[in-house]
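To keep things clear, I will list the structure first and then write my remarks on it.
Protein chains: 2
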Amino acid sequence: MTISDLPPRQGYLMPIGGAEDKKAQRVILKRFVQLSGGANARITVIPLASESPAERGRQYCDLFSEMGVQSVDCIQLRNRYEANMPATAALLDNATGIFMTGGDQVKLVSLIGGTLVASKMLSRFKKGATVAGTSAGASAMSLHMIAFGRSGAKPSQRMVQFAPGLGLTDDLIIDQHFRQRDRTGRLMTAVAFNPALIGVGVDEDTALVIAPDGSAEVIGSGTVTVVDGRNMEYTDIHSVKRHYPITVLGMNVQTFGSGTKLASLTLDEPVALPSLKFG
Amino acid sequence: MTISDLPPRQGYLMPIGGAEDKKAQRVILKRFVQLSGGANARITVIPLASESPAERGRQYCDLFSEMGVQSVDCIQLRNRYEANMPATAALLDNATGIFMTGGDQVKLVSLIGGTLVASKMLSRFKKGATVAGTSAGASAMSLHMIAFGRSGAKPSQRMVQFAPGLGLTDDLIIDQHFRQRDRTGRLMTAVAFNPALIGVGVDEDTALVIAPDGSAEVIGSGTVTVVDGRNMEYTDIHSVKRHYPITVLGMNVQTFGSGTKLASLTLDEPVALPSLKFG
């Protein structure tokens, strides 16, 4: 697959909940490689969220090489100056698949947000490259990114901290390690702030494969939770102070198991399984 | 001015820092009325951020009527269900000027975010209506909205809390009561999270008048502070914990007095005075 073979439209987006299987079936990583062109895939790894980017970058590069892709590159940089260097961003020029590792999404975004590397990644995605991100790399995809927060099942006002993310998806607030770290409360809180957005909580070793047409599929060993506040009638989030619980009325929380296909996961239509009709 | 008289492009955006003069010269409110069509202006007031929307709505409606506009409407509603009623949103159908009052931006956004009222306001703006907002109404304009935070001159990690805002501006993070409430630190912190955005801090009784072409003018009795992190080299915001101060290197903080004209306030170009050329 070369640049000119990419479809003239947005690529697949694959938020992964962290801790994806790297040794056994590799269901998620295989899907990423396949959607990036299989044996013709040209993968660029962005390990900048990690505490040890060199080590983490090597790990994924070795993995993808072993899986038989055409080429693997890795973006390493120390500061925003380097993130603005054309030579650095050029490593994305031919990418048909881009993979963001885990770590700390604030580290990643404060390092590359607004730089050439971020804009090149976005433009490759808009031109058809597949973008996957695991853990912090999944969170960073959101325009309205969950920067950090607290665990718990019940929403409360200060449970979640937003920051501006990389904007690969405008509509979805992505959360990860979802069931393992008990993050239902913080995702509901996030959506309550502005129910114009849809919350997507991805469990570990699980991915949501979002197609360019807005349809989506759950793969891996866990589940994906969708928090939809568009029909929410009421919240008192503005009047509750600090860590006290908030009230939310009419928020829709759905959990989808592996293999589930969603007909649509965009703000334009209700979240629905292909076999269910709404409205 | 009727709908068909509106220019086929985005309108003027007027974030106001709160406490604008309502009795003496009314410099800011007059400019809003003028940009909305003067004697032909059709104003719609959105007082939903206020603690007492009925009272606050009446206050501004009386003010604008007194200033001789063609018509004034006021949107009053109690819940998101009403914010989705076509009859409510219809009050924006003919608006040439939309005014959002102060109060609590989280209250406003959690009430109308993603509803018909919000999308109608955005579409009127895209078609040329002037949108002004004071205090909370100014903050709510941002796509990445400052929900709340703490005062102080020095940036620190948990100083600012974002939430998804109404999105009248994608590029600017608007803050208000800026000098009066000592908010330099929180705006610098906000920009450090993702330097792809520009921070705009507006003092009380001051407004930034942003023209459709991206040029801008400071009016009123105070100043506007612009925090530009696009050339920021480094921040440790990801590694600093809680309320400890963060390091930011190369962030550009500029203050502009009343009467200043800026050639451009978009991400596409450096922030510049018309008479200064940049590299």
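Protein chains in written order, with the working numbering: chain A, 1 to 279; chain B, 1 to 279.
Note that the Cβ used here is the ideal one computed from N, Cα and C, for glycine as well.
Run the CB neighbour count on residue i, radius 10 Å, all protein chains shown included, and call it buried at 16 or more, exposed below.
i	result
Asp104/B	buried
Arg80/B	buried
Gly165/A	buried
Thr247/B	exposed
Gly279/A	At Gly279/A the pLDDT is 45, less than 50, meaning the model places this residue with poor confidence and gives no usable figure here.
Gly18/B	buried
Tyr60/A	buried
Asn40/A	exposed
Ser52/A	exposed
Ser123/B	exposed
Gly222/B	buried
Met85/A	exposed
Tyr244/A	exposed
Glu269/A	exposed
Gln161/B	buried
Leu168/A	buried
Give me the DSSP bridge partner(s) of residue i.
i	result
Arg42/B	Ser71/B
Ser156/A	Pro245/A
Phe148/A	Gln161/A
Gln254/B	Val226/B
Ser264/B	Ala272/B
Tyr234/A	Leu249/A
Ala287/A	No answer is possible for residue 287/A: the residues shown for chain A start at 1 and end at 279.
Val131/B	Leu13/B and Ile98/B
Ser142/A	Thr169/A
Look up residue i in the DSSP assignment and say whether it is helix, strand or coil.
i	result
Tyr60/A	helix
Gly279/B	Low local confidence applies: a pLDDT of 45 at Gly279/B is under 50, so the model's placement there is unreliable, with the coordinate-based value given in what follows. In this structure, Gly279/B counts as coil in the three-state DSSP scheme.
Gln105/A	helix
Tyr12/B	coil
Ile173/B	strand
Gly137/B	helix
Met100/A	strand
Gly17/A	coil
Gly199/A	strand
Val27/A	helix
Met85/B	coil
Lys22/B	coil
Thr189/B	helix
Arg78/A	coil
Pro47/A	coil
Met1/B	Low per-residue confidence applies at Met1/B: pLDDT is 45, beneath 50, and the placement is therefore not dependable, though the value from the model is reported in the following sentence. Of the three classes helix, strand and coil, the one that applies to Met1/B here is coil, per DSSP.
Thr115/B	coil
Ser239/B	coil
So which residues on chain A does residue i lean against when the C-beta distance must stay under 9 Å?
i	result
Val271/B	Per Cβ cutoff of 9 Å: no residues; Val271/B is ~14 Å from chain A at best.
Gly113/B	Phe193, Asn194, Pro195, Ala196, Leu197 and Gly229
Against residue i, what residues of chain A qualify as contacts under a CB-to-CB distance less than 7 Å, listed in chain order?
i	result
Tyr60/B	Near Tyr60/B there are no residues of chain A at all, since even the closest Cβ is about 20 Å away, more than 7 Å.
Ile237/B	Val106 and Ser110
Leu197/B	Pro164
With a cut-off of 8 Å, does the C-beta of residue i fall near any C-beta of chain B?
i	result
Leu168/A	no
His243/A	no
Gln161/A	yes
Cys193/A	Before going further, note that residue 193/A is Phe rather than Cys in the sequence given. Cβ-Cβ to chain B under 8 Å: yes for Phe193/A.
Ala147/A	yes
Ala118/A	yes
Gly279/A	Because the pLDDT of Gly279/A is 45, which lies under 50, any placement of that residue in the model is unreliable, and the number read from its coordinates should be weighed accordingly. Chain B contact via Cβ: absent.
Can you pull the chain A neighbours of residue i, defined as C-beta to C-beta under 8 Å?
i	result
Pro47/B	Chain A residues near Pro47/B: none, gap ~15 Å exceeds 8 Å.
Met141/B	Near Met141/B there are no residues of chain A at all, since even the closest Cβ is about 13 Å away, more than 8 Å.
Using a Cβ cut-off of 8 Å, pull out every chain B residue sitting near residue i, in sequence order please.
i	result
Met232/A	Arg80
Gly133/A	By Cβ distance, chain B contributes nothing, its closest Cβ being about 16 Å from Gly133/A, past 8 Å.
If you measure from the beta carbon of residue i to each beta carbon in chain A, is any gap under 8 Å?
i	result
His177/B	no
Ala89/B	no
His144/B	yes
Which residues of chain B have a Cβ atom closer than 9 Å to the Cβ of residue i, listed in chain order?
i	result
Ala138/A	The contacting residues do not exist; Ala138/A stays about 16 Å from chain B at best.
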